[in-house]
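Chains as they are written, first to last, in this note's numbering: chain A, 8 to 314; chain B, 3 to 302.
All C-beta atoms, glycine included, are put in the ideal place defined by N, C-alpha and C.
Please read all numbers here as calculations on a predicted model, not as lab measurements.
Input: a single structure, listed below in structure tokens.
Written out as structure tokens, the structure is:
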């Protein structure tokens with residue numbers, strides 16, 4: 008079979024491939040040896056980097072399960088001599104870090120934000136993609152434009168608004184303003200643009216209107232995109248810090264991140280409690296991460312601007 | 003026509019709730035903020051003391067504010083190239099793996115599940131703890147080095163090492179995923195053609211095929227890195243502030259704004275002026291960068 012000689016699909020702007028000779032140089036044994044050496048080097052490098060990337064997780068567990076004396080000892084021990092699981096019960100009994108309440112707040116916020124974002128953004132994305140309306144384009148660009156204004160720049164004015172609504176230190180104040188994600192709407196719109204029309208047409212023949220078509224045909228056939236957006240929104244909501252710091256001012260309204268930050272930056276620090284608290288705080292995410300990794304990767308890929 | 007009316011109605015049933023919320027929580031605050039920025043608004047959101055551009059000139063003349071812009075510039079000069087290089091290198095290496103590809107991808111991506119708060123906690127209190135039991139000081143101690151107070155040393159400014167490595171660790175895997183997606187979109191035919199043309203595997207192929215084909219992804223990654231660096235707050239706040247407040251150095255724009263608008267003074271007028279200036283800067287940078295790279299040009 009003749010091999011293709013030209014370079015297909017080369018974009019106009021890309022630099023041309025140089026062709027040193029009409030026929031390639033013969034492979035020398037030296038090349039093979041170098042390729043093999045390169046492969047071995049790459050394996051070693053990757054293994055070293057992987058270890059380096061895992062060190063912080065190891066420290067989290069090591070310090071979280073050690074006694075205070077062992078953490079602050081000048082002689083480094085790689086593992087605590089006895090694993091103190093009592094640190095965990097101390098965390099929930101001791102009043103220093105209000106962990107139980109903070110975990111509850113974070114869970115409520117992350118779940119509500121995820122569900123709310125999925126419903127609102129997917130409906131909007133579907134409407135923009137599939138319901139022909141004269142000004143749909145303008146509406147879409149008005150939504151898209153807010154992506155240019157990073158949420159972090161609007162935190163001062165948003166705080167002003169939320170405080171004048173009397174929502175400071177309430178779950179409402181922590182959840183509602185974060186529900187309208189232009190990013191999620193954009194992802195859904197792009198996805199629904201490519202949704203097979205035949206499925207909708209079949210529903211229409213059966214006499215279903217836009218609303219019932221959406222819930223009975225479109226949503227059940229779009230689970231992957233919901234999973235992808237949902238996991239990304241969940242992780243973002245669980246880990247977000249600036250907004251909960253600004254709005255959740257009372258102790259009762261602290262999220263896990265705010266509670267941890269308060270004690271990281273405070274005067275007296277009980278390291279073993281803080282580290283086990285941090286370990287507990289990332290546990291739900293590690294579970295989400297391990298079970299949903301496929302969807303997260305899909306979601307991250309979708310978030311790439313280039314498609 | 004009934005059909006068109008019907009469509010309009012349904013369009014707004016679907017899009018309305020979202021659009022309304024977005025307007026209320028993005029456009030209204032923005033407009034309000036622009037309004038407030040022209041007033042002397044201490045501790046109030048309905049001021050009556052009009053000061054014109056006073057807040058803007060005060061902000062631009064304020065050394066602390068301009069210093070925060072310099073801090074952002076220094077920070078992005080460190081974090082953008084290092085993250086870009088590391089995530090691209092990881093993607094190239096992981097992509098070529100025949101075995102354990104999923105494992106390595108997971109390991110490098112796992113830090114993305116961590117919050118900046120938790121990462122900063124580990125960095126501040128364990129790895130770069132200034133006392134003897136900090137991991138960095140322990141390891142350096144084995145080689146006979148003295149202890150370093152990583153976060154409070156300003157000469158040399160070791161705190162940059164701490165700040166940059168947190169973010170590098172946390173986000174490299176995320177951008178690696180973007181690069182991996184880009185790599186998998188490159189047609190294998192190109193590599194076959196290159197081999198036929200005599201391009202040596204390795205540098206030549208990377209330089210003339212892989213990198214040009216990754217152009218769109220590279221532009222997106224660079225853009226995201228700059229925008230995210232501009233919004234940096236979490237790790238700065240958690241690494242550097244303590245019960246005594248925030249040190250006078252390494253204040254990025256958002257940290258500065260946080261203390262101005264929501265700190266002791268609650269100077270919302272000044273804070274709003276700062277937010278408007280930052281919004282303008284980020285808009286100019288984004289549009290500039292996008293035009294420069296020709297964003298939106300389709301791959302095929």
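Anyone know if the C-beta pair for residue i and residue j falls short of 9 Å?
i                      : j                      : result
residue 70 of chain B  : residue 258 of chain B : yes
residue 264 of chain B : residue 233 of chain B : no
residue 28 of chain B  : residue 161 of chain A : yes
residue 123 of chain B : residue 240 of chain B : yes
residue 164 of chain A : residue 274 of chain B : yes
residue 150 of chain B : residue 160 of chain B : yes
residue 20 of chain B  : residue 140 of chain A : no
residue 215 of chain A : residue 226 of chain A : no
residue 173 of chain B : residue 262 of chain B : no
Which same chain residues, not among the five before or five after residue i, have their C-beta less than 6 Å away from its C-beta?
i                      : result
residue 220 of chain A : 207 and 210
residue 288 of chain A : 263
residue 287 of chain B : none
residue 166 of chain A : 253
residue 257 of chain A : 176
residue 195 of chain A : 128, 129 and 132
residue 58 of chain B  : 275
residue 260 of chain A : 176
residue 138 of chain B : 129 and 130
DSSP three-state label for residue i, please.
i                      : result
residue 269 of chain B : strand
residue 142 of chain A : coil
residue 244 of chain B : strand
residue 41 of chain B  : strand
residue 86 of chain A  : coil
residue 130 of chain B : coil
residue 52 of chain B  : strand
residue 29 of chain A  : A caution first: residue 29 of chain A carries a pLDDT of 46, below 50, which makes its placement in the model too unreliable to give a value.
residue 39 of chain A  : helix
residue 284 of chain A : helix
residue 298 of chain B : Residue placement at residue 298 of chain B is flagged as unreliable, the pLDDT there being 49, under the threshold of 50; a coordinate-derived value is accordingly withheld.
residue 251 of chain B : coil
residue 263 of chain A : helix
residue 206 of chain A : helix
residue 222 of chain B : helix
residue 250 of chain A : helix
residue 235 of chain B : coil
residue 26 of chain B  : helix
residue 274 of chain B : helix
So which residues of chain B does residue i contact, with C-beta pairs closer than 7 Å?
i                      : result
residue 184 of chain A : 27
residue 70 of chain A  : 128
residue 143 of chain A : 13
residue 264 of chain A : 117 and 119
List the residues of chain A whose Cβ lies closer than 8 Å to the Cβ of residue i, in chain order.
i                      : result
residue 227 of chain B : Within chain A, no residue comes near residue 227 of chain B; the closest Cβ sits about 13 Å away, beyond 8 Å.
residue 158 of chain B : Those do not exist, as residue 158 of chain B stays about 23 Å from chain A at its closest Cβ, beyond 8 Å.
Can you check whether the C-beta of residue i is within less than 9 Å of a C-beta belonging to chain C?
i                      : result
residue 134 of chain B : Of the protein chains in this structure, namely A and B, none is chain C.
Taking residue i as part of the alpha helix (DSSP H), name the residues at either end of that continuous run.
i                      : result
residue 320 of chain A : What is shown of chain A runs 8 to 314, which leaves residue 320 of chain A out entirely.
residue 162 of chain B : 161-186
residue 259 of chain B : 255-264
residue 97 of chain B  : 65-98
residue 243 of chain A : 230-246
residue 273 of chain A : Run containing residue 273 of chain A: none; DSSP gives neither H nor E here.
residue 183 of chain A : No alpha helix (DSSP H) contains residue 183 of chain A, which DSSP labels as neither H nor E.
residue 143 of chain B : 137-144
residue 76 of chain A  : 75-79
residue 106 of chain B : 103-111
residue 96 of chain A  : 93-100
Strictly below 7 Å CB to CB, what residues from chain A border residue i?
i                      : result
residue 273 of chain B : 163
residue 31 of chain B  : 161, 164, 165, 167 and 168
residue 81 of chain B  : What residue 81 of chain B touches in chain A: nothing, since even the nearest Cβ is about 16 Å away.
residue 140 of chain B : 83
residue 61 of chain B  : In chain order: nothing, as chain A lies at least about 12 Å away.
Only counting the same chain, and skipping five residues up and downstream in sequence, which positions put a Cβ closer than 8 Å to that of residue i?
i                      : result
residue 212 of chain A : none
residue 30 of chain A  : Its pLDDT being 49, under 50, residue 30 of chain A is placed unreliably by the model, and the measurement read from it follows with that caveat. Counting only Cβ-Cβ distances below 8 Å, and skipping sequence neighbours, we find nothing.
residue 292 of chain A : 242, 245 and 246
residue 176 of chain B : 89, 111 and 114
Quick one: list the residues of chain A neighbouring residue i, beta-carbon separation under 9 Å, in chain order.
i                     : result
residue 23 of chain B : 127, 183, 184, 186 and 187
residue 12 of chain B : 134, 138, 140, 216, 217 and 218
Report all residues from its chain with a CB closer than 7 Å to the CB of residue i; omit the five preceding and five following residues, and keep chain order.
i                     : result
residue 70 of chain A : 78, 278, 279 and 282
residue 75 of chain A : 277, 278 and 279
For a contact defined as C-beta to C-beta under 8 Å, what are the partners of residue i on chain B?
i                      : result
residue 273 of chain A : 244 and 245
residue 308 of chain A : 179, 180 and 183
residue 80 of chain A  : 135
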